[in-house]
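Protein chains in written order, with the working numbering: chain P, 1 to 399; chain S, 1001 to 1469.
Quick reminder that beta carbons are idealized off the backbone N, C-alpha and C, glycines included.
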Amino acid sequence: MGLTSESLEKSLLQGEPGWLRERRQTALAAYERLPLPAKTDEEWRRTDVSRFNPADFSQLEHLDGLKLERPAGLPAGVILQPLRMAAMEHPELIEPRLFTLVHGDRDRFAALHAAFFTGGTFLYVPDGVEIDEPILGQHFSHHDGTSVLPHTLIVAGRGARFNYLDEYIADNESETGHRSGSTEIFLGEGSQVGYVAVQKWGRNVWHFADQRAELQKDSTLRLFNVTLGGKFSKTRVEASLAGEGSNAELKAIYFASADQFFDFHTLQDHRVGNTRSDLLFKGALQDVSRTVYAGLIRIAKHAARSDAYQANRNLVLSDKAKATSIPMLEIDNNDVRCTHGATVGPVDPEHLFYLRSRGIPESTAKRMLIQGFFGDVLDRIPFEHARKLVEAELESRIG
Amino acid sequence: MATVPKVEVGTDYKEKYGFFVPEEYVFKAKRGLNPEIVKEISWMKQEPEWMTNMRLRSLEIFRKKPMPKWGADLSVIDFENIFYYLKASDKQSKTWEDLPPDIKATYDRLGVPEAERKFLAGVSAQYESEVVYHSLQKELTAKGVIFTDTDSALRDHPDLFKEYFGTVIPPADNKFSALNTAVWSGGSFIYVPKGVRVDIPLQAYFRINAENMGQFERTLIICDEGSFVHYIEGCTAPIYTTDSLHSAVVEIIVKKNARCRYTTIQNWSTNVFNLVTKRAMAYADATMEWVDGNLGSQITMKYPSVYLMEPGAKGDVLSVAFAGKGQHQDAGGKMIHVAPNTTSTITSKSISKGGGRTSYRGHIKIYPGANNCKSFVKCDALLLDDESRSDTYPYNDVDAENVTLGHEATVSKVSDEQLFYLMSRGIPRAEAETMIVNGFIEPFTKELPLEYAVELNRLIQLEMEGSVG
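Listed below in structure tokens is the structure:
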């Protein structure tokens, strides 16, 4: 079975509402039309996808393979469902939003995801509803050589407050396959949303993710990414500050080892004034791994009194690992505060010397320095459940 | 107080000053670009055959290369509608007195030395500093230093010339280096022998003997082992020109233990597209420093670069850009680490006002095997009003081991607190803003010879007067 309209018809379209069928078919047409990204395209210059053939993984896995942790006693009006089910039951909430932030025709991979997305969550929190317990969505992959393409759609009503965790988990560490995990978040006026995505697919998969949030007036997004899995992982994190007083915190940690390749593209899009964004991506690299970070702060002409910060820090633990960092700014207004910074470098030999002079063995000292490196960003994980999960994952990586 | 003429450097000179130079040329190549015109240029200059061939080959390359799609919008350049070679008939006929009073007034207010003013204004008549010039030439010659224009160098030092010309920036490097190689004219040629230190900065206007400034200048500097030279290409005062395209190539070779500093302050009138390729090769323990200021032109695309070829080499770029109304300064620097244990820094300061746009564009490339390198980039941008724009595009490619790379950038407006502080001391707002801007670019001005630093500060003052009335 290939990734054709025939297989789309057989596997997914059955029983889906007309508008969704149409959206999938349009995305498939885009997939067939769009070329592979050219090496000359700045976004893909350092990101090699020439050996990725989606047709190798045309078996779609678990069309609703998602385990939703439903906190006991969800307030009335909250909708938490697998996305495809929700599309049938609540089209009025989903049709106007699905794939309007993450565009299905952005490139070949986004198109493939939009055409064939399988599991995924729909979360709707009505106006004024606050949920204390985090909501957890776990996406599992069970089989080797398949495609697992979950999509999360989150809608926060005015003044809603809640936390959500997407966890991407492999049954088998050495699985191959095609994975994605895209997310669209709509933040209504004054809402506060914490979103954490923990990607720990198997070591041999291709992973593509597009996350984009749109923030209305006075809303706050705290978004946190953890990237650990895949042999290839490309994540785009974009926040569109569309309402005055909105605030986006975009944080991430990544730990690349063996021959893993991680790519992050971020956008802090300040479309109106009095907005704030703060981005911090921290990563460690060992063995022969490679990472690419490219981020852009864009401040529109009339977006005065905006603050935007962007920092990417890379700790290179091996001589053969390679980190590339490209922080970019496009500032069209003067009444702003913008800074960005990027560093790439090994463990500071002076720090190591200091610890060793205190009698700490080199390997322990190194581990302490790595823990210290991640420490400040770990503290920014929006809720405790996710923090513990990430700390445990990191601990096992640092060894 | 007498009213001072309002001088706004960075707006259209022609409208402001009604300044133009009557055209009188002995030789004027036809408009446009084709092999016949290139051959004609070469024949006019009585060049050896290898140069004629190189020009023709470069023209081919220029034709084949596509226009760059990044950076500023260059689609408006019409290559077929440009004169590629003009030889002035009688330079002496133009005198200082013929210059428009406003240009003279600008020079006055800037305090530009008279000799230099005349040079800038294209007046190459005899003046007092000729004496200085001669004694300088005598001193340089005694040390074995060659300092001449590039056309004469090809004639008088053919072997040295052929050995280095086009080796740092081959014609095929980019579309505009190909264009320059095809039609180049003028520029400086400097050779500093082993161990020789040239104590005073060499400036283009010392060469009163030949064409000083051209549309397609070609400069070649060779610093032999252990030598030192500081070359100053341009200066702060506005340079009026009718040409719409300036595309220079500057090649520098800094050999073992040598040090070269190259200072430019570009202040073309705002009708000019300034597309320049500047590159240096630095060998073992050599130091190359670019001090690069961009104030004029409509569009500038210029990224001075250093290829760090052998261990211990050090590269340094200090860049200042000022973009006013209708200007786009796309400037920055490139550091290419080819050898291990090399270090580089790029410091960029940019100021945008009145709808101007400044872009920092830089590239740090560290090749495989170039281990233990360090590179640091710092970009600060100041936006003086809400119509202006600032961008930062740093590209970093690290393929080596144990590399430390840092990049930092800030964008801000003149801070209210700083302004408040100064104004609370009784300093008027406009003056306070000027002081802050001058303070902002201080790391740049302090690297300039004193007279230029003073001029630059005054120039900023003039610019600021224009902005706040």
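Of all Cβ atoms in chain P, is any one closer than 8 Å to the Cβ of TYR1367 (chain S)?
-> no
For VAL397 (chain P), which residues of its own chain have a beta-carbon under 6 Å away from its beta-carbon, when the five flanking residues on both sides are left out?
-> According to the sequence displayed, residue 397 (chain P) carries Arg and not Val. Closer than 6 Å at the Cβ level, and outside the excluded window around ARG397 (chain P), lie PHE255.
Between PHE1514 (chain S) and LYS1378 (chain S), is the Cβ-Cβ spacing less than 8 Å?
-> Because chain S is modelled from 1001 through 1469, residue 1514 (chain S) falls outside the range shown and cannot be assessed.
Closer than 8 Å by beta-carbon distance: list the chain S residues that pair up with SER325 (chain P), in chain order.
-> ASN1396, LEU1405, HIS1407
Which of helix, strand or coil does DSSP assign to GLN1215 (chain S)?
-> coil
Select from P:LEU228, P:HIS113, P:PRO75, P:VAL316 the residue whose C-alpha is nearest the C-alpha of GLU1401 (chain S).
-> P:VAL316
Burial state of MET1309 (chain S) (16 or more Cβ within 10 Å) = buried
Cβ pair ILE94 (chain P), PHE122 (chain P) closer than 8 Å = yes
Could you tell me whether the Cβ atoms of SER191 (chain P) and ALA160 (chain P) are closer together than 8 Å?
-> yes
DSSP state of GLU1451 (chain S), grouped into three classes?
-> helix
Find the nearest neighbour of LEU250 (chain P) within the set P:GLU244, P:GLN260, P:ALA258, P:LEU215, judged by alpha-carbon distance.
-> P:LEU215
State the CB to CB distance for the pair ARG387 (chain P) and LEU394 (chain P), rounded to an integer number of angstroms; the pair is presumed to be in contact (CB under 8 Å).
-> Actually they do not touch by this definition, with Cβ atoms about 11 Å apart.
Work out the CA separation of LEU1382 (chain S) and LYS1325 (chain S) for me, nearest whole Å.
-> 15 Å
Under the assumption that VAL292 (chain P) contacts THR266 (chain P) (Cβ atoms under 8 Å), give the Cβ distance between them as a whole number of angstroms.
-> At roughly 12 Å, the Cβ-Cβ gap does not stay under 8 Å, so VAL292 (chain P) and THR266 (chain P) are not in contact.
Go to ARG1057 (chain S), then tell me how far its beta strand (DSSP E) extends in each direction, as first and last residue.
-> Run containing ARG1057 (chain S): none in the beta strand (DSSP E); it sits in the alpha helix (DSSP H), 1049-1064.
List, in order along the chain, the chain P residues whose C-beta lies closer than 7 Å to that of VAL1306 (chain S)?
-> In chain order: nothing, as chain P lies at least about 20 Å away.
Could you list which residues in chain S have their beta carbon closer than 7 Å to that of ASN274 (chain P), in chain order?
-> Neighbours of ASN274 (chain P) on chain S: none; closest Cβ ~14 Å, over 7 Å.
Check the Cβ-Cβ distances between LEU317 (chain P) and every residue of chain B, and say whether any is below 8 Å.
-> Although the question refers to chain B, the structure presented lacks it and instead comprises the protein chains P and S.
Under 8 Å between C-beta atoms of GLN211 (chain P) and TYR168 (chain P) = no
Does the segment 1194-1205 of chain S come within contact of the segment 1157-1173 of chain S, defined as at least 3 CB pairs closer than 8 Å?
-> no
ALA1121 (chain S) in three-state terms, based on DSSP | Here the model assigns ALA1121 (chain S) a pLDDT of 48, short of 50, so the residue's position is not dependable, and the following value carries that caveat. Three-state DSSP puts ALA1121 (chain S) in coil, outside helix and strand.
Would you please verify whether the beta carbon of TYR1303 (chain S) is less than 8 Å from any beta carbon of chain P?
-> no
Please go through the same chain and pick out, in chain order, the residues whose beta-carbon is closer than 6 Å to the beta-carbon of VAL1276 (chain S), but skip the five residues on each side of it.
-> ALA1248, LYS1302
Mind checking whether VAL78 (chain P) and VAL129 (chain P) have CB atoms under 8 Å apart?
-> yes
Looking at C-alpha atoms only, which residue of P:TRP206, P:HIS151, P:ALA303, P:LEU279 is the closest neighbour of VAL237 (chain P)?
-> P:LEU279
Could you list the residues in the segment 325-356 of chain P with a C-beta less than 9 Å from some C-beta on chain S, going in chain order?
-> SER325, ILE326, PRO327, MET328, LEU329, GLU330, ILE331, ASP332, ASN333, ASN334, ASP335, VAL336, ARG337, CYS338, THR339, HIS340, GLY341, ALA342, THR343, VAL344, GLY345, PRO346
Do ASP1399 (chain S) and LYS320 (chain P) have their C-beta atoms within less than 8 Å of each other?
-> no
Own chain residues within Cβ distance below 6 Å of TYR1283 (chain S), not counting five before or after = LYS1255, LYS1256, MET1309, GLU1310
Can you find a C-beta in chain S that's less than 8 Å from the C-beta of LYS366 (chain P)?
-> no
MET1067 (chain S) to LEU1074 (chain S) span [Cα, whole Å] | 8 Å
Going straight from the alpha carbon of GLU1442 (chain S) to that of LEU1056 (chain S), what length do you get?
-> 45 Å
So which residues on chain S does LYS320 (chain P) lean against when the C-beta distance must stay under 9 Å?
-> GLU1401
Let me know the secondary structure DSSP gives MET88 (chain P) once reduced to three states.
-> helix
Contact residues within the segment 107-119 of chain P, judged by C-beta distance below 9 Å to chain S = none
Any beta-carbon of chain P closer than 8 Å to the one on VAL1254 (chain S)?
-> no
Inter-residue Cα distance where the pair is GLY1122 (chain S) and GLY1186 (chain S) | With a pLDDT of 44 at GLY1122 (chain S), under the threshold of 50, the modelled position of that residue is not reliable, and the figure given next carries that caveat. Cα to Cα, the separation comes out at about 14 Å.
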